[in-house]
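In the numbering used here, the protein residues as written are 62 to 482.
Positions of the beta carbon are idealized from the N, C-alpha and C atoms, including for glycine.
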Amino acid sequence: MKVLHVITGLNVGGAEQQLRLLLRHLDAKCEVATLTDPGPVADAIRADGVRVHDLRMTGNRDVGVLPRLTRFIRAGHYDVVHTHLYRACVYGRIAARLAGVHTVVATEHSLGATQIEGRPLGLGTRTLYRATERLGHGTLAVSATVAERLVYWGVPEARVHLAPNGIDPDRFRFDPEVRAEARTRLRIPVGAYVVGGVGRQVPGKRFDALIRAVAEVPDVHLLLAGDGPERVPLLRLVHHLNLQHRVHVADSSGPEVPGLLAAMDLFVSVSAEEAFGLAVVEALAAGLPALYTACPAVEDVPAEDAPGACRIDLGELPAALAAEHRAGPRRLPAPAAVEYYHIARTAQRVMALYAQAGERRGLRRRGSGPAATVPRPARAAGTQPAPRPVSQQAAPPASRQAPGTVPGAAAEPTTPTPAQK
(Lines of atoms letter the chains of each structure in order from A and count residues from 1; the text may use other names and numbers.)
(Lines give C-alpha, C1' and ligand atoms only; values in the text may rest on other atoms or scores of the structure.)
Protein backbone atom coordinates (compact mmCIF):
# COMPACT_ATOMS: atom_id res chain seq x y z
CA MET A 1 0.00 0.00 0.00
CA LYS A 2 1.41 3.37 -1.05
CA VAL A 3 0.32 6.30 1.12
CA LEU A 4 0.85 10.04 0.69
CA HIS A 5 0.55 12.18 3.80
CA VAL A 6 -0.33 15.79 3.00
CA ILE A 7 0.30 18.34 5.74
CA THR A 8 0.09 22.13 5.84
CA GLY A 9 3.68 22.62 7.03
CA LEU A 10 6.53 20.87 8.81
CA ASN A 11 7.79 23.47 11.24
CA VAL A 12 8.12 22.40 14.87
CA GLY A 13 4.67 21.64 16.29
CA GLY A 14 2.64 18.88 17.88
CA ALA A 15 0.88 17.64 14.74
CA GLU A 16 4.10 17.73 12.74
CA GLN A 17 6.04 15.74 15.34
CA GLN A 18 3.12 13.34 15.68
CA LEU A 19 3.22 12.64 11.95
CA ARG A 20 6.93 11.88 12.13
CA LEU A 21 6.39 9.42 14.98
CA LEU A 22 3.44 7.79 13.23
CA LEU A 23 5.42 7.26 10.03
CA ARG A 24 7.87 5.09 11.96
CA HIS A 25 5.10 2.67 12.91
CA LEU A 26 2.83 2.48 9.85
CA ASP A 27 3.04 -0.77 7.88
CA ALA A 28 2.86 0.98 4.51
CA LYS A 29 5.12 2.72 2.01
CA CYS A 30 4.72 6.37 2.96
CA GLU A 31 5.73 9.71 1.49
CA VAL A 32 4.97 13.23 2.72
CA ALA A 33 3.91 16.35 0.83
CA THR A 34 4.03 19.67 2.69
CA LEU A 35 2.08 22.60 1.28
CA THR A 36 4.41 25.18 2.80
CA ASP A 37 7.21 25.74 5.31
CA PRO A 38 9.18 22.46 5.22
CA GLY A 39 11.01 23.42 8.42
CA PRO A 40 13.13 21.24 10.70
CA VAL A 41 10.60 18.42 10.98
CA ALA A 42 10.92 17.85 7.23
CA ASP A 43 14.65 17.32 7.69
CA ALA A 44 13.99 14.90 10.54
CA ILE A 45 11.48 12.91 8.48
CA ARG A 46 13.96 12.70 5.60
CA ALA A 47 16.59 11.50 8.08
CA ASP A 48 14.19 8.68 8.98
CA GLY A 49 14.24 7.59 5.33
CA VAL A 50 10.88 9.02 4.21
CA ARG A 51 10.65 11.19 1.09
CA VAL A 52 9.32 14.73 1.66
CA HIS A 53 8.01 16.90 -1.19
CA ASP A 54 7.55 20.69 -0.94
CA LEU A 55 4.54 22.08 -2.86
CA ARG A 56 5.71 25.68 -2.24
CA MET A 57 2.36 27.17 -1.32
CA THR A 58 2.84 30.91 -0.73
CA GLY A 59 -0.19 31.67 1.45
CA ASN A 60 -3.78 30.80 2.35
CA ARG A 61 -5.07 32.21 -0.95
CA ASP A 62 -2.53 30.47 -3.19
CA VAL A 63 -5.11 28.36 -5.01
CA GLY A 64 -2.44 27.49 -7.55
CA VAL A 65 -1.32 24.78 -5.16
CA LEU A 66 -4.46 22.80 -5.99
CA PRO A 67 -3.54 21.90 -9.60
CA ARG A 68 0.09 21.34 -8.53
CA LEU A 69 -0.97 18.95 -5.80
CA THR A 70 -3.45 17.21 -8.10
CA ARG A 71 -0.77 16.58 -10.74
CA PHE A 72 1.66 15.40 -8.07
CA ILE A 73 -0.82 12.90 -6.59
CA ARG A 74 -1.83 11.59 -10.02
CA ALA A 75 1.81 11.07 -11.02
CA GLY A 76 2.58 9.26 -7.74
CA HIS A 77 -0.11 6.56 -8.17
CA TYR A 78 -0.94 6.59 -4.45
CA ASP A 79 -3.44 4.14 -2.99
CA VAL A 80 -4.26 6.37 -0.01
CA VAL A 81 -4.02 10.11 0.62
CA HIS A 82 -3.98 11.02 4.32
CA THR A 83 -4.31 14.72 5.18
CA HIS A 84 -3.27 16.60 8.33
CA LEU A 85 -4.19 20.14 9.51
CA TYR A 86 -6.87 22.43 8.13
CA ARG A 87 -5.41 23.77 4.87
CA ALA A 88 -3.99 20.39 3.90
CA CYS A 89 -7.35 18.74 4.62
CA VAL A 90 -9.21 21.21 2.41
CA TYR A 91 -6.78 21.22 -0.52
CA GLY A 92 -5.66 17.60 -0.09
CA ARG A 93 -9.14 16.07 -0.20
CA ILE A 94 -10.07 18.01 -3.33
CA ALA A 95 -6.77 17.24 -5.08
CA ALA A 96 -6.92 13.54 -4.18
CA ARG A 97 -10.38 13.15 -5.68
CA LEU A 98 -9.44 15.14 -8.80
CA ALA A 99 -6.42 12.85 -9.16
CA GLY A 100 -8.63 9.76 -8.99
CA VAL A 101 -7.67 8.55 -5.50
CA HIS A 102 -10.73 7.06 -3.83
CA THR A 103 -9.25 6.30 -0.40
CA VAL A 104 -8.88 9.68 1.31
CA VAL A 105 -8.44 9.88 5.08
CA ALA A 106 -7.87 12.87 7.36
CA THR A 107 -6.62 13.34 10.90
CA GLU A 108 -8.10 16.23 12.87
CA HIS A 109 -5.33 17.33 15.22
CA SER A 110 -6.30 20.79 16.45
CA LEU A 111 -10.04 21.39 16.58
CA GLY A 112 -10.90 23.39 19.68
CA ALA A 113 -14.26 24.55 20.97
CA THR A 114 -13.72 28.09 19.66
CA GLN A 115 -10.64 27.87 17.42
CA ILE A 116 -8.76 25.62 15.03
CA GLU A 117 -4.96 25.72 14.90
CA GLY A 118 -5.00 28.93 16.93
CA ARG A 119 -7.42 30.79 14.66
CA PRO A 120 -11.01 31.72 15.62
CA LEU A 121 -13.72 29.57 14.11
CA GLY A 122 -16.13 31.25 11.72
CA LEU A 123 -19.04 30.15 9.58
CA GLY A 124 -16.88 30.09 6.45
CA THR A 125 -14.27 27.89 8.11
CA ARG A 126 -16.87 25.37 9.25
CA THR A 127 -18.72 25.35 5.93
CA LEU A 128 -15.57 24.73 3.89
CA TYR A 129 -14.43 22.01 6.30
CA ARG A 130 -17.76 20.16 6.18
CA ALA A 131 -17.99 20.41 2.39
CA THR A 132 -14.52 18.97 1.78
CA GLU A 133 -14.85 16.37 4.56
CA ARG A 134 -17.47 14.62 2.45
CA LEU A 135 -14.84 14.00 -0.23
CA GLY A 136 -12.96 11.65 2.11
CA HIS A 137 -13.58 8.18 3.48
CA GLY A 138 -13.43 9.23 7.12
CA THR A 139 -11.78 11.45 9.71
CA LEU A 140 -9.55 10.28 12.54
CA ALA A 141 -9.95 12.34 15.72
CA VAL A 142 -7.00 12.60 18.11
CA SER A 143 -9.31 12.50 21.14
CA ALA A 144 -12.91 11.71 22.03
CA THR A 145 -13.34 15.42 22.71
CA VAL A 146 -12.31 16.29 19.15
CA ALA A 147 -14.60 13.55 17.82
CA GLU A 148 -17.54 15.11 19.65
CA ARG A 149 -16.70 18.52 18.21
CA LEU A 150 -16.64 17.08 14.69
CA VAL A 151 -20.07 15.54 15.16
CA TYR A 152 -21.35 18.81 16.61
CA TRP A 153 -20.09 20.52 13.45
CA GLY A 154 -22.25 18.20 11.40
CA VAL A 155 -19.78 15.49 10.37
CA PRO A 156 -21.74 12.19 10.37
CA GLU A 157 -20.84 10.12 13.41
CA ALA A 158 -20.25 7.04 11.24
CA ARG A 159 -17.42 8.92 9.48
CA VAL A 160 -15.59 9.86 12.69
CA HIS A 161 -13.04 7.40 14.09
CA LEU A 162 -10.83 7.58 17.16
CA ALA A 163 -7.04 7.42 16.75
CA PRO A 164 -5.49 9.26 19.70
CA ASN A 165 -2.14 10.96 19.51
CA GLY A 166 0.57 8.56 20.58
CA ILE A 167 3.94 8.54 22.30
CA ASP A 168 6.91 6.21 22.54
CA PRO A 169 6.99 5.59 26.33
CA ASP A 170 10.55 4.24 26.32
CA ARG A 171 11.85 7.58 25.07
CA PHE A 172 10.54 9.36 28.18
CA ARG A 173 11.55 6.86 30.86
CA PHE A 174 13.26 8.74 33.70
CA ASP A 175 17.06 8.55 33.85
CA PRO A 176 18.92 10.28 36.74
CA GLU A 177 22.01 10.76 34.57
CA VAL A 178 19.96 12.52 31.88
CA ARG A 179 18.46 14.71 34.61
CA ALA A 180 21.87 15.73 35.94
CA GLU A 181 23.21 16.47 32.46
CA ALA A 182 20.16 18.53 31.47
CA ARG A 183 20.24 20.58 34.66
CA THR A 184 23.92 21.30 34.17
CA ARG A 185 23.36 22.46 30.57
CA LEU A 186 20.47 24.67 31.67
CA ARG A 187 22.43 26.07 34.64
CA ILE A 188 19.80 25.04 37.13
CA PRO A 189 21.14 25.14 40.72
CA VAL A 190 21.70 21.84 42.48
CA GLY A 191 18.67 20.93 44.58
CA ALA A 192 16.35 23.48 42.99
CA TYR A 193 12.66 22.56 42.73
CA VAL A 194 11.76 23.00 39.06
CA VAL A 195 8.31 23.56 37.60
CA GLY A 196 8.17 23.12 33.83
CA GLY A 197 6.07 23.90 30.79
CA VAL A 198 6.55 22.69 27.22
CA GLY A 199 4.80 23.94 24.11
CA ARG A 200 4.56 26.50 21.37
CA GLN A 201 4.76 29.97 22.88
CA VAL A 202 1.44 31.42 21.73
CA PRO A 203 -1.24 33.30 23.72
CA GLY A 204 -3.48 30.24 24.12
CA LYS A 205 -0.80 28.37 26.10
CA ARG A 206 -0.88 31.11 28.77
CA PHE A 207 2.77 30.77 29.75
CA ASP A 208 2.54 34.33 31.08
CA ALA A 209 0.16 33.09 33.78
CA LEU A 210 2.64 30.37 34.71
CA ILE A 211 5.45 32.92 35.02
CA ARG A 212 3.31 35.15 37.25
CA ALA A 213 2.34 32.19 39.43
CA VAL A 214 5.97 31.18 39.92
CA ALA A 215 6.73 34.76 40.96
CA GLU A 216 4.37 34.23 43.92
CA VAL A 217 6.14 31.09 45.16
CA PRO A 218 9.65 31.79 46.49
CA ASP A 219 12.47 29.33 45.76
CA VAL A 220 10.61 27.63 42.89
CA HIS A 221 12.37 27.63 39.52
CA LEU A 222 10.60 27.56 36.15
CA LEU A 223 11.81 25.81 33.00
CA LEU A 224 10.08 26.85 29.77
CA ALA A 225 10.69 24.97 26.53
CA GLY A 226 9.39 25.89 23.11
CA ASP A 227 9.33 28.74 20.65
CA GLY A 228 6.79 31.01 19.01
CA PRO A 229 5.58 34.59 18.62
CA GLU A 230 5.17 35.10 22.39
CA ARG A 231 8.81 34.31 23.19
CA VAL A 232 10.01 37.94 23.34
CA PRO A 233 7.02 39.19 25.40
CA LEU A 234 7.53 36.30 27.82
CA LEU A 235 11.20 37.17 28.25
CA ARG A 236 10.22 40.79 28.88
CA LEU A 237 7.81 39.63 31.57
CA VAL A 238 10.55 37.57 33.22
CA HIS A 239 12.77 40.66 33.40
CA HIS A 240 9.90 42.88 34.57
CA LEU A 241 9.24 40.52 37.48
CA ASN A 242 12.98 40.22 38.19
CA LEU A 243 12.87 36.44 37.77
CA GLN A 244 15.99 36.02 35.62
CA HIS A 245 17.63 33.92 38.34
CA ARG A 246 14.61 31.57 38.63
CA VAL A 247 13.32 31.22 35.07
CA HIS A 248 15.23 29.10 32.56
CA VAL A 249 14.21 29.27 28.91
CA ALA A 250 15.42 26.41 26.71
CA ASP A 251 16.04 27.03 23.02
CA SER A 252 16.60 24.68 20.08
CA SER A 253 20.22 24.11 21.13
CA GLY A 254 19.17 22.80 24.54
CA PRO A 255 18.18 19.29 25.61
CA GLU A 256 15.41 17.44 23.77
CA VAL A 257 12.02 17.02 25.42
CA PRO A 258 12.89 13.83 27.40
CA GLY A 259 15.90 15.62 28.91
CA LEU A 260 13.82 18.69 29.72
CA LEU A 261 11.19 16.57 31.47
CA ALA A 262 13.92 14.74 33.38
CA ALA A 263 15.15 18.11 34.67
CA MET A 264 11.70 19.00 36.06
CA ASP A 265 9.98 18.10 39.33
CA LEU A 266 6.46 19.17 38.35
CA PHE A 267 4.83 19.66 34.95
CA VAL A 268 2.23 22.37 34.43
CA SER A 269 -0.05 23.01 31.45
CA VAL A 270 -2.33 26.04 31.68
CA SER A 271 -3.63 26.13 28.10
CA ALA A 272 -6.99 27.79 27.56
CA GLU A 273 -8.07 24.71 25.58
CA GLU A 274 -6.48 21.67 23.97
CA ALA A 275 -7.47 19.17 21.32
CA PHE A 276 -5.45 16.44 23.08
CA GLY A 277 -2.73 17.61 25.49
CA LEU A 278 0.21 15.48 24.37
CA ALA A 279 2.72 17.31 26.57
CA VAL A 280 0.87 16.19 29.70
CA VAL A 281 0.94 12.55 28.59
CA GLU A 282 4.68 12.82 27.90
CA ALA A 283 5.18 14.28 31.38
CA LEU A 284 3.28 11.36 32.93
CA ALA A 285 5.46 8.95 30.95
CA ALA A 286 8.49 10.69 32.49
CA GLY A 287 7.10 10.03 35.97
CA LEU A 288 6.19 13.64 36.71
CA PRO A 289 3.16 14.80 38.65
CA ALA A 290 1.20 17.17 36.42
CA LEU A 291 -1.18 20.06 36.95
CA TYR A 292 -3.37 21.05 34.02
CA THR A 293 -6.30 23.29 33.14
CA ALA A 294 -7.33 21.52 29.91
CA CYS A 295 -6.26 18.08 28.69
CA PRO A 296 -8.70 15.82 26.80
CA ALA A 297 -6.10 13.04 26.82
CA VAL A 298 -6.44 12.82 30.60
CA GLU A 299 -10.15 13.66 30.74
CA ASP A 300 -10.93 10.80 28.32
CA VAL A 301 -9.57 8.09 30.65
CA PRO A 302 -10.58 7.22 34.23
CA ALA A 303 -8.87 9.18 36.99
CA GLU A 304 -7.20 6.02 38.31
CA ASP A 305 -5.41 5.56 34.98
CA ALA A 306 -3.62 8.91 35.34
CA PRO A 307 -3.18 9.27 39.13
CA GLY A 308 -0.35 11.78 38.81
CA ALA A 309 -2.49 14.31 36.92
CA CYS A 310 -4.63 16.89 38.70
CA ARG A 311 -6.96 19.37 37.06
CA ILE A 312 -6.99 22.90 38.50
CA ASP A 313 -8.52 26.25 37.70
CA LEU A 314 -6.11 28.94 36.59
CA GLY A 315 -6.76 30.97 39.73
CA GLU A 316 -5.64 28.02 41.87
CA LEU A 317 -2.23 27.84 40.25
CA PRO A 318 -0.09 29.73 42.82
CA ALA A 319 -1.55 27.73 45.71
CA ALA A 320 -1.15 24.49 43.75
CA LEU A 321 2.50 25.23 43.04
CA ALA A 322 3.12 26.03 46.69
CA ALA A 323 1.47 22.77 47.80
CA GLU A 324 3.52 20.69 45.36
CA HIS A 325 6.69 22.49 46.44
CA ARG A 326 5.98 21.66 50.08
CA ALA A 327 5.42 18.00 49.15
CA GLY A 328 8.84 17.92 47.53
CA PRO A 329 10.12 16.26 44.35
CA ARG A 330 9.01 12.72 43.55
CA ARG A 331 8.99 10.38 40.58
CA LEU A 332 5.91 8.30 39.87
CA PRO A 333 5.49 5.04 37.94
CA ALA A 334 4.22 5.56 34.39
CA PRO A 335 0.41 5.17 34.64
CA ALA A 336 -1.85 2.99 32.51
CA ALA A 337 -2.83 5.99 30.38
CA VAL A 338 0.71 6.11 28.99
CA GLU A 339 0.45 2.59 27.59
CA TYR A 340 -3.03 3.33 26.27
CA TYR A 341 -1.53 6.16 24.22
CA HIS A 342 1.35 4.07 22.89
CA ILE A 343 2.07 5.09 19.29
CA ALA A 344 1.91 1.44 18.16
CA ARG A 345 -1.77 1.32 19.15
CA THR A 346 -2.45 4.51 17.23
CA ALA A 347 -0.71 3.13 14.14
CA GLN A 348 -2.88 -0.01 14.33
CA ARG A 349 -5.99 2.15 14.30
CA VAL A 350 -4.78 4.18 11.32
CA MET A 351 -3.91 1.02 9.36
CA ALA A 352 -7.35 -0.40 10.22
CA LEU A 353 -9.06 2.58 8.61
CA TYR A 354 -6.83 2.27 5.53
CA ALA A 355 -7.79 -1.40 5.33
CA GLN A 356 -11.50 -0.73 5.72
CA ALA A 357 -11.39 1.71 2.84
CA GLY A 358 -9.00 -0.38 0.76
CA GLU A 359 -11.03 -3.55 1.15
CA ARG A 360 -13.74 -1.96 -0.95
CA ARG A 361 -11.16 -0.86 -3.54
CA GLY A 362 -9.23 -4.14 -3.64
CA LEU A 363 -6.17 -2.67 -1.91
CA ARG A 364 -5.97 -5.03 1.04
CA ARG A 365 -2.82 -7.09 0.83
CA ARG A 366 -3.19 -10.66 -0.35
CA GLY A 367 -3.20 -13.11 2.52
CA SER A 368 -4.13 -10.56 5.18
CA GLY A 369 -7.10 -11.13 7.44
CA PRO A 370 -10.30 -9.11 7.51
CA ALA A 371 -9.94 -5.40 8.11
CA ALA A 372 -9.98 -4.55 11.80
CA THR A 373 -12.73 -2.38 13.20
CA VAL A 374 -11.66 1.21 13.80
CA PRO A 375 -12.77 2.36 17.26
CA ARG A 376 -15.26 5.17 17.58
CA PRO A 377 -15.63 7.38 20.65
CA ALA A 378 -17.29 5.59 23.54
CA ARG A 379 -19.21 8.63 24.77
CA ALA A 380 -22.39 9.69 23.04
CA ALA A 381 -21.89 12.50 20.57
CA GLY A 382 -22.42 15.95 22.02
CA THR A 383 -21.88 14.91 25.64
CA GLN A 384 -19.11 16.34 27.76
CA PRO A 385 -16.58 14.31 29.75
CA ALA A 386 -17.19 14.03 33.44
CA PRO A 387 -15.01 16.56 35.29
CA ARG A 388 -11.87 15.28 36.93
CA PRO A 389 -11.60 15.72 40.69
CA VAL A 390 -10.02 19.08 41.46
CA SER A 391 -7.93 19.31 44.60
CA GLN A 392 -8.66 22.61 46.31
CA GLN A 393 -5.17 22.57 47.81
CA ALA A 394 -3.55 20.75 44.88
CA ALA A 395 -2.28 18.11 47.29
CA PRO A 396 -0.20 15.30 45.75
CA PRO A 397 -2.58 12.54 44.59
CA ALA A 398 -0.68 9.77 46.36
CA SER A 399 -3.82 8.21 47.81
CA ARG A 400 -5.47 7.51 44.48
CA GLN A 401 -5.91 3.94 43.32
CA ALA A 402 -3.61 1.99 41.06
CA PRO A 403 -4.33 2.24 37.33
CA GLY A 404 -7.08 0.06 35.94
CA THR A 405 -8.81 -0.56 32.63
CA VAL A 406 -8.69 2.26 30.12
CA PRO A 407 -11.89 3.06 28.23
CA GLY A 408 -12.33 6.02 25.90
CA ALA A 409 -12.73 3.96 22.73
CA ALA A 410 -14.71 1.01 21.49
CA ALA A 411 -13.36 -2.42 22.33
CA GLU A 412 -10.35 -3.63 20.39
CA PRO A 413 -10.34 -7.44 20.37
CA THR A 414 -6.81 -7.69 18.99
CA THR A 415 -5.25 -5.06 21.25
CA PRO A 416 -5.62 -5.50 25.03
CA THR A 417 -6.04 -2.53 27.31
CA PRO A 418 -3.18 -1.85 29.76
CA ALA A 419 -5.03 -3.54 32.59
CA GLN A 420 -5.40 -6.73 30.55
CA LYS A 421 -1.70 -6.99 29.75
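**Report entry** Run of the alpha helix (DSSP H) containing residue 153, from where it starts to where it stops
**Finding:** 147–159 is the extent of the alpha helix (DSSP H) around residue 153.
Query raised in the report: For the candidate residues 303, 398, 333 and 383, whose alpha-carbon lies nearest to that of residue 255?
Result: Residue 383 holds the alpha-carbon nearest to the alpha-carbon of residue 255 among 303, 398, 333 and 383.
Query raised in the report: For residue 353, does the count of other Cβ atoms within 10 angstroms reach 16, so buried, or fall short, so exposed?
Result: By the C-beta density criterion, residue 353 is buried, having at least 16 other C-beta atoms within 10 angstroms.
Query raised in the report: residue 405 to residue 91, Cα distance in whole Å?
Result: Each residue's alpha carbon lies about 16 angstroms from the other.
**Report entry** The beta strand (DSSP E) enclosing residue 92, as first and last residue numbers
**Finding:** Looking at the DSSP string, the run of the beta strand (DSSP E) that includes residue 92 is 90–95.
Requested in this report: Give the secondary structure of residue 249 by DSSP, where H, G and I count as helix, E and B as strand, and everything else as coil.
Outcome: Here residue 249 sits in coil by DSSP.
Query raised in the report: Helix, strand or coil: which one does DSSP assign to residue 300?
Result: In the structure shown, residue 300 sits in a helix (DSSP, three-state: H, G or I).
Report task. Measuring alpha carbon to alpha carbon, tell me which of 217, 170, 213 and 182 ends up nearest residue 202. Result -> Closest in alpha carbon position to residue 202, among 217, 170, 213 and 182, is 170.
Query - Cβ contact check for the region 294–308 and the region 219–227: 3 or more pairs under 8 angstroms - result: Under the three-pair Cβ rule at 8 angstroms, the region 294–308 does not count as touching the region 219–227.
Query raised in the report: Hey, how far is the Cα of residue 393 from the Cα of residue 362?
Result: Each residue's CA atom was taken as its position, placing residue 393 and residue 362 some 18 angstroms apart.
Report task. In angstroms with no decimal places, state the Cα-to-Cα distance between residue 270 and residue 183. Result -> Straight-line Cα distance between these residues: approximately 27 angstroms.
Requested in this report: Would you mind stating whether residue 349 and residue 321 have Cβ atoms separated by less than 8 angstroms?
Outcome: No. Outside cutoff.
Query raised in the report: Is residue 272 closer than 8 angstroms to residue 308 when the C-beta atoms are compared?
Result: Yes, these two residues count as a Cβ contact at 8 angstroms.
Query raised in the report: Buried or exposed: residue 266, going by 16 or more other Cβ atoms within 10 Å of its Cβ?
Result: By the neighbour-count rule (16 or more Cβ atoms within 10 Å), residue 266 is buried.
Report task. Would you mind listing the beta strand (DSSP E) stretches within the region 97–138 that are 3+ residues and don't spill past its ends, in chain order? Result -> Segments of the beta strand (DSSP E) lying fully in the region 97–138: 113–115.
Query raised in the report: Would you call the CB atoms of residue 379 and residue 277 closer than 8 angstroms?
Result: It is a contact, given that the beta carbons lie within the stated cut-off.
**Report entry** Contact belief for residue 238 with residue 216 at Cβ below 8 angstroms, rounded distance in angstroms
**Finding:** With a Cβ gap of about 48 angstroms, residue 238 and residue 216 do not count as contacting.
Report task. Pick out whichever of 358, 283, 106 and 232 has its Cα sitting closest to the Cα of residue 208. Result -> Checking every option, the nearest Cα to that of residue 208 belongs to 358.
Query - Bridge partner(s) assigned by DSSP for residue 63 - result: Paired residue(s): 90.
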